[in-house]
Amino acid sequence: MERLGCGLLASEGFQQSLKLTSKGLVLCFDYSVMAFRDSINVREYLSEHFHSWKFDYANGPNTFCKHWKKIVKALVGLKVRVTHRSDKSIYAVKGLTDESARDISFTVGTPDGEQPTRQISLLEYFRERYSKAVIEHENLPCLKFGKGKRVNYVPIELCKLVEGQRFPKDDLSDLDKQADRKLKGMSVLSPEKRKSKINGMVEQKHGLLEGEIRINFGIYVTTSMTTVEFGVMEPPKLKLRNLDGYVRAIDVDKEKCQWNLVINLVVEGTSLKHWAVVVFNYPDSPKEVDLVMLFVQNLIRRCNTLGLHMEDPVCTIWASMDELESTDSVTRVLEQVQREAHETNESNLQLVLCVMAHKHTGYRNIKWVSETKIGINAKLGGSTVEPNDQPSLFDEAADHVMLIGANVNHPPPSDSSSKSVVVVASMNWPAANKYIPRISYQKNRLEEIKMFGSICLELIKCYENINRFKPNKLVIFRDGVCEGQFDMVLNKELLDLKDELRKIDNYHPTITLIVAQKRHLTRLFRAAHGDDENNIRPGMVVDTDIVHPSQFDFYLCSHCGSMGTSKPTHYHVLWDDHKFSPEKLQQFIYHLCFTFAKCSKPVSLVPPIYYADRLAFRGRLYCDAQRPLGESPSNRNPAHSDIKNFMYFI
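Just so we're aligned: the sequence shown equals residues 1 to 650 in UniProt numbering.
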């Protein structure tokens with residue numbers, strides 16, 4: 001265990017799973033690092049966890065009132081043991097009392113009258129029953145355990161965290177940058193170091209492979225890594241514009257797979273004439289104003305050099321960071337922007353650029369308010385790059401292909417009230433770079449997309465409106481499901497889609513359904529001696545030995561890993577009306593990874609899924625922003641009608 005600070009510890013360990021492959025049953029084993037809460041007194045934990053607040057326990061109520069929401073969020077759901085009793089019972093924290101320990105009182109006595117009822121303070125009760133219990137800070141609130149009428153109040157000082165409680169990695173960067181860097185330093189290892197860690201854990205005496213169960217069942221496990229053959233695909237030629245504005249094909253570096261946007265322009269630039277700036281930080285000096293204006297001018301200059309025609313903002317306003325605390329206050333600020341912009345120019349705003357002094361949870365309020373109330377055209381319909389050659393997978397003249405990415409984004413386990421977010425993003429053919437998003441909300445923790453067919457049908461109609469033809473081929477990429485859920489995807493989601501398609505007369509598109517998985521334990525290392533320090537190359541594909549013995553699946557590393565050890569994406573074809581050959585499908589997916597709008601290099605995940613993931617996160621922000629208002633998100637399409645068919649989620 002290594003101390004991270006903030007009341008947290010980091011522990012090295014491993015993850016493992018058994019998989020059926022063409023070589024038989026194999027053990028997937030990977031090195032892992034997790035953050036855990038330290039098993040310390042709850043008061044000490046709060047002092048360390050929120051060390052930047054500099055807790056003054058003599059003035060405890062003020063500190064707790066000021067940071068009440070954050071403290072409650074940090075404690076609710078945690079498991080604790082009490083220190084004033086000798087039993088080992090474990091209790092789950094349900095909340096904090098509104099009153100301090102000294103202000104809480106209750107009635108004690110027995111119903112049969114043996115002990116007369118009387119009013120007693122909580123402090124008196126503990127002194128009488130537990131004389132050795134020391135409560136130094138009587139002005140602090142108590143932890144609440146139990147539910148209904150059986151609620152117990154226990155002073156914070158008499159509670160200790162149970163060991164082994166994980167802390168989410170994603171929350172660490174917001175809590176403490178130094179602790180986050182320390183954890184990442186332990187987690188992000190070069191291929192050579194990761195390989196050494198894995199081998200060391202597997203080969204150690206009395207370790208993973210030496211258990212009695214394996215011996216009793218007569219199972220033999222080799223301690224050496226599996227050797228596999230692989231192929232490396234060439235990167236595609238890409239379309240960009242040169243500095244004279246002419247579209248041309250460029251070659252991509254085979255090792256890094258990056259292309260240059262310094263000497264090239266985006267393939268299709270757009271025009272940004274009506275936009276505004278909101279700075280959520282009142283300036284303390286003219287220098288701060290100058291810095292913001294310099295940033296805006298540099299942004300305009302850079303956009304114009306990339307091929308986007310960007311004019312000066314129609315207005316700039318300043319607001320307090322406190323305005324980010326609620327959707328109501330954010331709404332007022334953005335409505336003010338809209339009014340001032342309309343006085344200057346009667347056209348609707350295409351974009352509102354929000355500048356914050358520091359990272360703030362109010363980001364979700366900006367996203368929800370701006371894109372559902374004002375209806376800004378956040379992403380203007382341009383495209384960054386296109387493959388120069390159309391994929392040989394389809395007939396360019398006859399085929400109309402729609403790519404669909406689908407994902408379900410779940411709230412954290414501690415959140416039982418929020419609904420999961422279902423996301424489907426669709427692409428127009430053949431540019432392979434413009435998608436239409438849809439968001440839908442459904443029952444919490446449900447992985448099946450209940451309205452998958454109707455959402456896809458809506459997207460098919462959008463495709464027809466844009467192209468004047470319905471797509472005759474559908475390629476669906478599904479994210480977020482494990483092998484045990486493949487039957488659900490095939491027998492429920494796919495059948496739901498086919499049922500909806502039957503509602504359209506004389507329309508019978510062919511379908512391919514592919515699951516993309518990133519949360520697996522398979523790691524690939526170069527076998528060449530002396531080359532362990534380098535990651536596997538972009539375009540590397542493995543479709544033998546470690547794949548399923550009878551199904552259509554493969555591992556593809558499409559990105560260039562600059563940090564840590566590259567993890568390939570596992571693609572599993574569940575349904576294929578098109579009878580794609582492995583080589584052509586692998587090349588098609590690899591080339592798609594070069595079309596992600598925000599990168600000048602290929603991404604690790606096929607863009608329909610990547611966009612769906614980003615849109616799913618945006619849907620969570622909408623949901624979180626509406627919760628303080630007591631609103632339940634509507635089931636479909638939270639985005640404004642002006643932007644719902646644009647890639648506003650980028």
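Just so it is clear, CB atoms sit at the ideal spot from N, CA and C, and this is done for glycine as well. Nothing here was measured: the structure is a model prediction, and the numbers come from that model.
In this structure the region 448-464 lies against the region 495-507, because at least three pairs of beta carbons, one per stretch, are closer than 8 Å. Beta-bridge partners of I250 (DSSP): L238. Counting only runs of 3+ residues, the beta strand (DSSP E) found wholly inside the region 302-368 occupies 315-319 and 351-356, in chain order. Contact check for V424 against V475 fails: the beta carbons are separated by 8 Å or more. Counting along the chain, A406 sits inside the beta strand (DSSP E) bounded by residues V401 to N409. In this structure, V573 lies near I514, with their beta-carbon atoms less than 8 Å apart. Beta bridge pairing from DSSP links K160 with N41 and R81.
Around C315, the same chain offers A276, V277, V337, E340, A341 and T344 as residues with beta carbons nearer than 8 Å, after the five sequence neighbours per side are excluded.
Around the beta carbon of R478, a 10 Å sphere encloses 16 or more other beta carbons of the protein chains shown; the residue is thus reported as buried. Apart from sequence neighbours up to five positions away, the residues of its chain that approach N428 with a beta-carbon distance below 7 Å are K434, Y463, I466 and N467, ordered along the chain. Annotated three-state conformation of M293 is helix, per DSSP. Non-local C-beta neighbours of V603 in its own chain, meaning closer than 8 Å and more than five positions away in sequence, comprise S558, H559, C593, F596 and Y610, ordered along the chain. In the DSSP assignment, Y153 falls within the beta strand (DSSP E) that extends over R150 to P155. CA-to-CA, the gap between A92 and L265 works out to about 57 Å.
Around the Cβ of N535, a 10 Å sphere holds 16 or more other Cβ atoms; the residue is buried. For P549, no alpha helix (DSSP H) run applies, since DSSP gives it neither H nor E. Taking a contact to require three or more Cβ pairs closer than 8 Å, the region 612-625 and the region 576-586 do not qualify as touching. With distances taken between CA atoms, D389 lies nearest to K237 out of D624, L208 and K237. With at least 16 other beta carbons inside 10 angstroms of its own, Q517 counts as buried. Of the other Cβ atoms in all chains shown, fewer than 16 fall within 10 Å of the Cβ of I215; this residue is therefore exposed. When the beta-carbon positions are compared, R43 and E203 stay at least 8 Å from each other. Put simply, the backbone Cα of E192 is about 32 Å away from that of K584. In this structure, V267 and V385 form a Cβ contact; the two beta carbons are roughly 6 Å apart against a cut-off of 8 Å. Per DSSP, reduced to three states, the secondary structure at K492 is helical.
Nearest to I404 by alpha-carbon distance, out of K473, T544 and L291, is K473.
C65 carries a helical assignment under DSSP once its states are collapsed to helix, strand and coil.
Q204: not part of any alpha helix (DSSP H); DSSP gives it neither H nor E. Ranked by how close their Cα comes to the Cα of H51, the residues D176, E2 and T21 have D176 in first place.
Closest by C-alpha distance to S173, out of L140, N199, H49 and V162, is H49.
For the 8 Å CB-CB criterion, K169 and I40 do not form a contact. Per DSSP, reduced to three states, the secondary structure at Q485 is helical.
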